[in-house]
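K.L.:
Numbering (this note's numbering), first residue to last: 27 to 442.
#1: Looking at the unbroken alpha helix (DSSP H) that takes in residue 283, where does it start and where does it end?
#2: Measuring only the C-alpha atoms, how far is residue 378 from residue 170?
#3: Please classify residue 174 as buried or exposed, where buried requires at least 16 neighbouring CB atoms within 10 angstroms.
#4: Rounding to the nearest angstrom, what Cα-Cα distance links residue 365 and residue 353 in this structure?
#5: Between residue 276 and residue 200, what straight-line distance do the alpha-carbon atoms span, to the nearest angstrom?
#6: Is the number of C-beta pairs between the segment 309-323 and the segment 338-358 that are closer than 8 Å three or more?
#7: Residue 428 bridges to which residues according to DSSP?
#8: For residue 230 and residue 238, I'd like the C-alpha separation in whole angstroms.
#9: Which stretch, first to last residue, makes up the alpha helix (DSSP H) that contains residue 342?
#10: Please return the same chain residues whose Cβ sits closer than 7 Å to the Cβ of residue 73, not counting the five positions on each side in sequence.
#11: Are residue 406 and residue 392 close, meaning C-beta to C-beta below 9 Å?
#12: Is it a yes or a no for the segment 107-116 touching the segment 154-165, going by three-plus beta-carbon pairs under 8 Å?
#13: Considering just the uninterrupted stretch of the alpha helix (DSSP H) at residue 232, what are its terminal residues?
#14: Looking at C-alpha atoms only, which residue of 227, 225, 192, 269 is the closest neighbour of residue 214?
#15: Which residue comes first and which comes last in the beta strand (DSSP E) that contains residue 212?
#16: Starting from residue 184, trace the alpha helix (DSSP H) in both directions and tell me its first and last residue.
#17: According to DSSP, is residue 437 helix, strand or coil?
#18: Label residue 267 either buried or exposed according to how many other C-beta atoms from any shown protein chain fall within 10 Å of its C-beta, with 16 as the threshold for buried.
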């Protein structure tokens with residue numbers, strides 16, 4: 027990119043100047059060694075104009091007022107985006123933002139135009155979410171309509187955002203690793219290769235006709251970007267421990283450090299060599315219109331066997347007329363799946379070509395079923411125990427009763 031070339035030239039000239047000063051002028055005590063030189067941040071907003079930005083979708087007005095960019099929510103408009111004219115790949119992005127009113131907002135990055143869609147763009151979004159679910163700092167995949175890393179399992183991040191006040195944000199995007207902070211609290215930690223480059227964009231969300239959204243607006247200031255950061259520019263030791271990995275059938279270095287490993291369930295049955303402590307299982311499944319099956323799990327508990335099952339069903343095509351406890355994510359005939367992470371919202375089940383992320387979390391007291399970033403079942407661990415089976419570890423069985431269920435990214439993490 028032009029900016030990158032200019033920065034490289036400037037950096038070279040700076041090094042030449044430093045050497046000249048060091049070798050020619052004995053009195054240049056102010057010389058900063060190159061390893062300690064300040065990083066070349068780019069100011070994306072000059073504080074006075076919208077130079078360098080172009081609106082690419084929607085009708086929400088963006089104006090500069092008192093040194094900030096303000097975007098105001100309007101009725102009868104799709105999502106609006108004010109996009110940077112330049113595109114970036116690896117970077118650190120910092121900004122401050124304040125939301126007034128009830129409307130959702132966000133900042134896009136590694137984003138491209140997607141003409142003909144409601145959003146008009148496709149890419150990653152750091153969400154700014156004043157709703158009761160408190161997912162500010164999470165990563166939403168705009169244009170794909172998938173949460174890549176919600177904040178439903180990160181209560182520290184959920185508590186970080188201060189509505190109506192200026193909040194500070196930081197995004198690090200280096201290679202496939204995406205990390206975010208809100209007010210210096212670690213939020214998302216994601217590994218994915220869906221997008222490698224793209225523009226930055228300020229979002230004003232589409233709103234319904236509800237009166238509560240009238241007058242809502244979002245403001246941004248101090249928007250700056252560090253292009254192609256060095257390792258010492260990154261907050262490597264401040265990242266969230268909870269990782270969402272999206273590499274196809276691969277475990278990233280970040281996940282490996284946290285104890286994740288792949289397993290094979292292509293034969294529809296496997297035994298995972300984990301102890302009787304806490305563990306977590308993740309699997310992506312894709313469902314055809316007739317998909318109907320069951321993911322069963324068994325493990326030892328104080329010498330006895332605990333068991334449970336996770337319903338796999340294409341609710342979109344098969345859900346009508348079925349009991350709630352026989353739908354996707356349920357513990358069949360015991361616990362019906364419902365959205366426990368977003369009060370008042372339905373759970374998410376994807377059909378056609380989209381993958382569903384199935385997660386089973388077993389901790390000291392509870393067993394949880396998760397589906398596409400939301401908790402859908404939560405029940406006491408081993409509330410009923412059976413006679414010992416003699417099997418060690420966790421036994422998984424994926425039984426396809428009808429249709430086709432495809433799997434990928436099957437992985438497990440166990441506490442030592």
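Think of the CB as a built atom: it goes at the ideal place given N, C-alpha and C, for glycine as much as any other residue. Computed from a predicted model, the values in this text were never measured in an experiment.
P.N.:
To lay it out plainly:
#1: 279-283
#2: 13 Å
#3: buried
#4: 13 Å
#5: 18 Å
#6: yes
#7: 318
#8: 16 Å
#9: 341-344
#10: 93
#11: yes
#12: no
#13: Careful: residue 232 lies outside any alpha helix (DSSP H) and carries neither H nor E.
#14: 269
#15: 211-217
#16: 181-184
#17: strand
#18: exposed
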